[in-house]
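**Student:** The numbering used here puts the first residue of the sequence shown at 7, with every later residue one more than the last.
Sharing a structure below in structure tokens format, with a few things to ask.
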Amino acid sequence: MSEFKKLVFSGVQPTGNLHLGNYLGAIRKFVALQEDSDCIYCVVDLHAITAQLVHEDLRAQTRSIAAAFIAAGIDPVKHIVFNQSAVPQHAELAWVFNCVARIGWMERMTQFKDKSGKNAEQVSLGLLAYPSLMAADILVYRATHVPVGDDQKQHLELARDIAQKFNIDFGGQIKSAGLGLDIVVGEEPVHAYFPMVEPLIGGPAPRVMSLKDGSKKMSKSDPSDLSRINLMDDVDAISKKIRKAKTDPDALPRETEGLKGRPEAENLVGIFAALADKSKAEVLQEFGGQQFSAFKPALIDLAVNVLAPINLEMRRLLDDTNHIDAILRDGSERAGVIAEKTMNEVRDIVGFLR
Ligand code: TRP
Numbered sequence: 007m008s009e010f011k012k013l014v015f016s017g018v019q020p021t022g023n024l025h026l027g028n029y030l031g032a033i034r035k036f037v038a039l040q041e042d043s044d045c046i047y048c049v050v051d052l053h054a055i056t057a058q059l060v061h062e063d064l065r066a067q068t069r070s071i072a073a074a075f076i077a078a079g080i081d082p083v084k085h086i087v088f089n090q091s092a093v094p095q096h097a098e099l100a101w102v103f104n105c106v107a108r109i110g111w112m113e114r115m116t117q118f119k120d121k122s123g124k125n126a127e128q129v130s131l132g133l134l135a136y137p138s139l140m141a142a143d144i145l146v147y148r149a150t151h152v153p154v155g156d157d158q159k160q161h162l163e164l165a166r167d168i169a170q171k172f173n174i175d176f177g178g179q180i181k182s183a184g185l186g187l188d189i190v191v192g193e194e195p196v197h198a199y200f201p202m203v204e205p206l207i208g209g210p211a212p213r214v215m216s217l218k219d220g221s222k223k224m225s226k227s228d229p230s231d232l233s234r235i236n237l238m239d240d241v242d243a244i245s246k247k248i249r250k251a252k253t254d255p256d257a258l259p260r261e262t263e264g265l266k267g268r269p270e271a272e273n274l275v276g277i278f279a280a281l282a283d284k285s286k287a288e289v290l291q292e293f294g295g296q297q298f299s300a301f302k303p304a305l306i307d308l309a310v311n312v313l314a315p316i317n318l319e320m321r322r323l324l325d326d327t328n329h330i331d332a333i334l335r336d337g338s339e340r341a342g343v344i345a346e347k348t349m350n351e352v353r354d355i356v357g358f359l360r
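Shown next as structure tokens:
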């Protein structure tokens, strides 16, 4: 028995501005993982056109996500940062996966049901096939670990289903081409070409909620900009948004149980804890008994300390589009080498002449 080499892959769509929730929930995790794993981080521009075809500023959005990755601390030289459309093997493998996966698997996805609503016959075919492309993103590198938010768990299970069905349907061809590894899936030994990807979900990153409503997730689609802190917000905007954040009239509790039923207090304490790399209990040891009028200035200081340098670096990177484009091109080239090796093997397995 053997194992696939550990490789981390994740993707972020270039739609809308990144906010504190994206940073604490995803990007900071990406940064931490690069210390002990090889990582590939992708701006998934092919996914961006599934829900909305025409974007005024897709190129600018793509650069902005790449700049956020790098400004947050991802090293594009040691690791790989690139945009999906520049490596056409993603779309090519997705086509094979479209023929592996069943329509029913796609129609069952809760995100598809949410996004298509009553309009399922009118949304793009790409939106239905979205999870198949996502599986291809990961598996074209035969990546093993995928840091994502909770909401992507179902898509990753589907990626495993696709990998599993490919491994079984093409079992004979994989063996006779001398490809694949003997791995254990569940208790079963299988000869696999594609690994069973593992989600990396949760960890220290909290669910960051809206600053205006502690029961709603912080979201780029919230009409009120005061509901979120954007990574591109400057010091004034960060301060103003925290000052105006919804709270309740009580002082902060001394124990975490006291946050129950106080979603806004819980959210702000959670944000403080995540930014300071502390637990909520530790934050409450320090601030328990104090009013929000004392806590908020401390949170503003902390948020500005963490976010302002990222903001500054993002702006610096985005000022020089040639530089950021060169970083992405270099990443695409290096990603393309790995992806092309996989695709050649997939072509042999499936039986395409080359
Ligand atoms: N669907 C993911 C999201 O919306 C983005 C994504 C596309 C992705 N391809 C991926 C995430 C591959 C992880 C791995 O968040």
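Each residue gets a CB set at the ideal place from its N, CA and C atoms; glycine is no exception.
Considering just the uninterrupted stretch of the beta strand (DSSP E) at Gly17, what are its terminal residues?
**Tutor:** Looking at the DSSP string, the run of the beta strand (DSSP E) that includes Gly17 is 13 to 18.
**Student:** So the alpha helix (DSSP H) His329 belongs to, where does it begin and stop?
**Tutor:** Segment 327 to 356, the alpha helix (DSSP H) holding His329.
**Student:** Give the range of the alpha helix (DSSP H) segment to which Ile248 is assigned.
**Tutor:** 241 to 249 is the span of the alpha helix (DSSP H), which, as asked, contains Ile248.
**Student:** Provide the residue span of the beta strand (DSSP E) that contains Tyr47, from first to last.
**Tutor:** Tyr47 -> beta strand (DSSP E) spans 44 to 49.
**Student:** For Pro94 versus Leu64, is the C-beta distance shorter than 8 Å?
**Tutor:** No. Outside cutoff.
**Student:** How many angstroms separate the CA atom of Leu24 from the CA atom of Leu323?
**Tutor:** Computed Cα separation, rounded: 15 Å.
**Student:** Check the DSSP bridge columns for Met215 and list the partner residues they point to.
**Tutor:** Met215 is bridged to Lys223.
**Student:** Cβ of Gly17 versus every heavy atom of the ligand TRP: is any distance shorter than 7 Å?
**Tutor:** Checking the Cβ of Gly17 against the ligand TRP gives yes.
**Student:** Is the region 176 to 192 touching the region 130 to 150 in the sense that three or more CB pairs, one from each, lie closer than 8 Å?
**Tutor:** Too few Cβ pairs lie closer than 8 Å, so no.
**Student:** Taking the CB atoms as reference points, tell me whether Val289 and Ala149 lie closer together than 8 Å.
**Tutor:** Contact flag unset, no.
**Student:** Does the distance from the CB of Lys218 to the CB of Lys266 come in under 8 Å?
**Tutor:** Cβ atoms of Lys218 and Lys266: not closer than 8 Å.
**Student:** Does the beta-carbon of Met140, which I'm using as the reference point, lie nearer than 7 Å to any heavy atom of the ligand TRP?
**Tutor:** Under cutoff, so the answer is yes.
**Student:** Quick one: measure Cβ to Cβ for Val196 and Asn173, integer angstroms, because I've assumed they're closer than 8 Å.
**Tutor:** Indeed, because the Cβ distance is near 6 Å, the residues count as touching under 8 Å.
**Student:** Any heavy atom of the ligand TRP closer than 7 Å to the beta-carbon of Asp143?
**Tutor:** Under cutoff, so the answer is yes.
**Student:** So Ile248 packs on Ile306, CB below 8 Å; how close in whole Å?
**Tutor:** The Cβ separation is near 5 Å, so the contact holds.
**Student:** Measuring alpha carbon to alpha carbon, tell me which of Lys347, Phe88, Ala73, Pro201 ends up nearest Lys12.
**Tutor:** Cα-wise, what sits closest to Lys12 is Pro201.
**Student:** Just the C-alpha distance for Leu131 and Met112, rounded to the nearest angstrom, thanks.
**Tutor:** Taking the straight line from one Cα to the other gives about 11 Å.
**Student:** CA-CA distance, Lys222 and Ser216?
**Tutor:** Computed Cα separation, rounded: 6 Å.
**Student:** Output yes or no for whether 8 Å exceeds the beta carbon distance between Ile244 and Ala73.
**Tutor:** No. Outside cutoff.
**Student:** What are the boundary residues of the alpha helix (DSSP H) that His96 is part of?
**Tutor:** Here the alpha helix (DSSP H) through His96 covers 95 to 106.
**Student:** Using only the heavy atoms of the ligand TRP, determine whether one of them is closer than 7 Å to the beta carbon of Val154.
**Tutor:** Indeed, a heavy atom of the ligand TRP lies less than 7 Å from the Cβ.
**Student:** Should His161 be listed as close to the ligand TRP, given that the test is whether its C-beta is under 7 Å from any heavy atom?
**Tutor:** Result yes, Cβ under 7 Å from the ligand TRP.
**Student:** Run through the DSSP bridge pairs and tell me what Asn236 is partnered with.
**Tutor:** The partner list for Asn236 (beta bridge, DSSP) reads His25.
**Student:** Across which residues does DSSP place His151 in a beta bridge pair?
**Tutor:** DSSP lists Val14, Glu204 as partners of His151.
**Student:** If you count every other CB in all the chains shown that lies within 10 Å of the CB of Thr116, and 16 or more means buried, which is it?
**Tutor:** Answer is exposed; the Cβ neighbour count stays below 16.
**Student:** Quick check on the DSSP output: the beta strand (DSSP E) that includes Phe176 runs from which residue to which?
**Tutor:** Unbroken run through Phe176: none, as it is neither H nor E.
**Student:** For Val196, which three-state DSSP category applies?
**Tutor:** Strand at Val196.
**Student:** Counting only the same chain and skipping the five closest in sequence on each side, list residues whose C-beta sits under 7 Å from that of Gly6.
**Tutor:** With the chain running from 7 to 360 in the structure shown, residue 6 is simply not present.
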